[in-house]
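In this note's numbering, the protein residues as written are 1474 to 1949.
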């Protein structure tokens, strides 16, 4: 069985968020189960610094704006297998993946339409003929639309994974000419008067998955306007929630080359050294017994930053230190810069994206805060569990599926959870964590180590995807 992942991101070559991690790690886990998996992503600027590339084919694709002459490049990773790259510099040789300075590129529709069309022409160019195209999010949701309306052979099957329903690829109908689709194809992806690429993907993919069981249920009621078609797919047994996993070859404090001191559940003492070094590096006071609370996130409304901003001074009054890593909404960036300036030695804001610092914050922090308004899966809470940074989360989506409230009577659970999207509820959960940290250090270590021992690897999730692939191919 041959599977082609088609996506806008794939770590480590192109990563903005969790999508890139998933496309890399899930394909790797499937290869370990004997599945022949390749990936197809755009060749963004700088990819050649990460992997050796060779040209393996050319494509001339006629879109609405005329012909696009593209190269297909291939890289091979010893553990990750084959990665094909769509090389079209006018669209992809840019400073960003989706945009710059907080603004999306205005031609994103054309860029990702080209990727979708090229995915279907890739087999003829390179000889890798997939049985199933596994597409990801709105960026590649035109693959089944082109398959249906673009004159391609209908033998391949399509599985769509929705990583975040909030991003749908919505454009005004006058942009339709750029897609090179017949009128019936344009009509098929028009929803509520606008082009909606994700709607088209949900409608025409053979099966649809999302990245946690809870999120699969939630989106049938609160589906960003797509509840109806999602309920239809669910009623037909064609919508599934499969929890993302963690690639422990990348995210494991026992082997992590990016952190200052290695440690494990069997010997967690090295965590204190990471905390001390981070305090030194970012200008926090060298206080080993003060609980260090961390956040690593895109600075967007979805992630609950309005709750953090509303309650920030009260958070700090709990006697914590705070460190944040991320970029995004300029107003959020400015808030955290100013908050750090108001609390010298106690708060730090790293307004950037850095894989290295993401690992270091997980390794250094005692508590990891994720107060998301919604969270399809979330990966950082699972990274935090392995790194002994006890998660404080809102009960939504994948956070609900992975974090269980600590019960002092039975000494069970792996974190602290709040239900309502409310600053008071978040503050109460954080206070429960801080109180336990201070009051009962032995119970805290047991809680921390229990989370570190959990197995959130990709193996079980990969088996669930394999079951769906077999269903699509008629083999299961």
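In this text, a Cβ means the ideal position worked out from N, Cα and C, and glycines have one as well.
- prompt: Would the stretch 1790-1806 and the stretch 1736-1743 be scored as touching if the rule is three or more Cβ pairs under 8 Å?
  reply: no
query: Cβ of residue 1545 within 8 Å of Cβ of residue 1479?
result: Position 72 of the chain shown, counting from 1, holds the residue named residue 1545. Position 6 of the chain shown, counting from 1, holds the residue named residue 1479. Against a cut-off of 8 Å, the Cβ pair of residue 1479 and residue 1545 comes out as no contact.
7 Å CB neighbourhood of residue 1516 in its chain, flanking five on each side removed: Taking the chain shown and counting its residues from 1, one reaches residue 1516 at position 43. Answer for residue 1516: 1546, 1558, 1559, 1560, 1565, listed in chain order.
For residue 1642, the residue or residues it bridges with in DSSP: Against the chain shown, residue 1642 aligns to sequence position 169. Paired residues: none, contrary to the question.
- request: Would you check if the stretch 1692-1711 and the stretch 1836-1845 touch, i.e. whether three or more CB-CB distances between them fall below 8 Å?
  value: no
field: chain B contact for residue 1947 (CB, 8 Å cutoff)
entry: Protein chain content of the structure displayed is limited to a single chain, and chain B is not contained in it.
- request: Below 6 Å CB to CB, which residues in the same chain sit around residue 1809 once its five sequence neighbours on both sides are set aside?
  value: Translated into positions along the chain shown, residue 1809 becomes position 336. Only 1797, 1822 meet the Cβ criterion.
query: alpha helix (DSSP H) containing residue 1933: first to last residue?
result: Here residue 1933 is taken as the residue at index 460 of the chain shown, counted from 1. From DSSP, the alpha helix (DSSP H) with residue 1933 extends over 1932-1946.
- request: Measure from the alpha carbon of residue 1920 to the alpha carbon of each residue in 1857, 1935, 1872, 1933, then state which is nearest.
  value: Mapped onto the chain shown, residue 1920 falls at position 447. Residue 1920 has its Cα closest to that of 1857, out of 1857, 1935, 1872, 1933.
field: N- and C-terminal bounds of the alpha helix (DSSP H) containing residue 1501
entry: Residue 1501 sits at position 28 when you count from the first residue of the chain shown. Here the alpha helix (DSSP H) through residue 1501 covers 1491-1505.
- prompt: By the 10 Å Cβ neighbour count, where 16 or more other Cβ atoms means buried, how is residue 1869 classified, buried or exposed?
  reply: Numbered from its first residue, the chain shown carries residue 1869 at position 396. Label assigned to residue 1869: buried.
- request: Report the rounded CA-to-CA distance for residue 1612 versus residue 1589, giving the unit in angstroms.
  value: For this step, residue 1612 is matched to residue 139 along the chain shown. For this step, residue 1589 is matched to residue 116 along the chain shown. Taking the straight line joining both Cα atoms gives about 8 Å.
Endpoints, alpha helix (DSSP H) assigned at residue 1617: Taking the first residue of the chain shown as 1, we reach residue 1617 at position 144. 1616-1622 is the span of the alpha helix (DSSP H), which, as asked, contains residue 1617.
field: Beta carbon of residue 1880 nearer than 8 Å to that of residue 1916
entry: Locating residue 1880 in the chain shown gives position 407, counting from the first residue. Locating residue 1916 in the chain shown gives position 443, counting from the first residue. No, these two residues do not count as a Cβ contact at 8 Å.
field: Inter-stretch contact (C-beta, 8 Å, three-pair minimum) for the stretch 1896-1914 and the stretch 1755-1773
entry: yes
query: Given 8 Å as the limit, is there contact between the stretch 1657-1667 and the stretch 1626-1633, that is, 3 or more CB pairs closer than that?
result: no
- request: Quick one: residues in its chain with C-beta nearer than 8 Å to the C-beta of residue 1901, no 5 flanking neighbours on either side, listed in chain order?
  value: For the purposes of this step, residue 1901 is taken as the residue at position 428 of the chain shown. Excluding positions up to five away in sequence, the list reads 1891.
- request: At 4 residues or longer, and completely inside the stretch 1546-1618: list those alpha helix (DSSP H) runs for me, N to C.
  value: 1562-1565, 1581-1599
task: Specify the secondary structure class of residue 1664 as computed by DSSP and reduced to three states.
output: Walking along the chain shown from the start, residue 1664 turns up at place 191. Residue state, collapsed to three classes: strand.
query: What does a CB cutoff of less than 7 Å around residue 1587 pick up in its chain, not counting 5 residues either side in sequence?
result: For the purposes of this step, residue 1587 is taken as the residue at position 114 of the chain shown. Excluding residues within five positions, the ones whose Cβ falls inside 7 Å are 1534, 1536, 1541, 1561, 1564.
- prompt: Pairing CB atoms from the stretch 1709-1726 with CB atoms from the stretch 1681-1689, are three or more of them under 8 Å?
  reply: yes
message: Excluding the 5 residues flanking residue 1584 on each side, which residues of the same chain have their C-beta closer than 6 Å to its C-beta?
response: Locating residue 1584 in the chain shown gives position 111, where the first residue counts as 1. Contacts found: 1564.
message: One question on the structure: do residue 1616 and residue 1593 come within less than 8 Å of each other, judged by their Cβ atoms?
response: Residue mapping note: residue 1616 aligns to position 143 of the chain shown, counting from 1. Residue mapping note: residue 1593 aligns to position 120 of the chain shown, counting from 1. Yes, the Cβ-Cβ distance between residue 1616 and residue 1593 is below 8 Å.
task: With residue 1630 as the anchor, note down where its beta strand (DSSP E) starts and where it stops.
output: The residue given as residue 1630 occupies position 157 in the chain shown. Per DSSP, residue 1630 belongs to the beta strand (DSSP E) from 1630-1635.
message: I believe residue 1871 touches residue 1849 by the beta-carbon criterion, under 8 Å. Please report the beta-carbon distance rounded to the nearest angstrom.
response: Residue 1871 sits at position 398 when you count from the first residue of the chain shown. Residue 1849 sits at position 376 when you count from the first residue of the chain shown. Residue 1871 to residue 1849, Cβ: 6 Å. Contact.
Heavy atom of the ligand ADP within 7 Å of residue 1671 beta-carbon: Judged by which ligands are present, the structure shown has none, so any question about the ligand ADP falls away.
- prompt: Would DSSP call residue 1851 helix, strand or coil?
  reply: Taking the first residue of the chain shown as 1, we reach residue 1851 at position 378. Three-state DSSP puts residue 1851 in coil, outside helix and strand.
task: Give the single residue among 1508, 1866, 1925 whose Cα lies nearest to the Cα of residue 1896.
output: For the purposes of this step, residue 1896 is identified with residue 423 of the chain shown, where counting begins at 1. Answer by Cα proximity: 1866.
field: Simplified DSSP assignment, three categories, for residue 1875
entry: To locate residue 1875, count along the chain shown from 1; it is residue 402. Helix, per DSSP.
field: Supposed close pair residue 1608, residue 1946 - CB separation, criterion 8 Å
entry: Here the question's residue 1608 lines up with position 135 in the chain shown. Here the question's residue 1946 lines up with position 473 in the chain shown. The pair is not a contact, with the Cβ atoms about 16 Å apart (cut-off 8 Å).
message: Please state the DSSP three-state secondary structure of residue 1734.
response: Walking along the chain shown from the start, residue 1734 turns up at place 261. Note: residue 1734 maps to coil in three-state DSSP.
query: In whole angstroms, what is the alpha-carbon distance linking residue 1792 and residue 1911?
result: The sequence position of residue 1792 within the chain shown is 319, counting from 1. The sequence position of residue 1911 within the chain shown is 438, counting from 1. Distance between the alpha carbons of residue 1792 and residue 1911 is about 10 Å.
- request: Decide yes or no for the touch test of the stretch 1918-1935 against the stretch 1496-1508: beta carbon pairs closer than 8 Å, at least 3 of them.
  value: yes
task: Compute the Euclidean distance between the alpha carbons of residue 1930 and residue 1614, then round it to the nearest angstrom.
output: Working through the chain shown from its first residue, we reach residue 1930 at position 457. Working through the chain shown from its first residue, we reach residue 1614 at position 141. Cα to Cα, residue 1930 sits roughly 27 Å from residue 1614.
query: Are the beta-carbon atoms belonging to residue 1743 and residue 1734 less than 8 Å from one another?
result: Mapped onto the chain shown, residue 1743 falls at position 270. Mapped onto the chain shown, residue 1734 falls at position 261. Yes, they are a contact pair.
query: Helix or strand or just coil, what does DSSP make of residue 1697?
result: Your numbering for residue 1697 matches position 224 in the chain shown. It is coil, neither helix nor strand.
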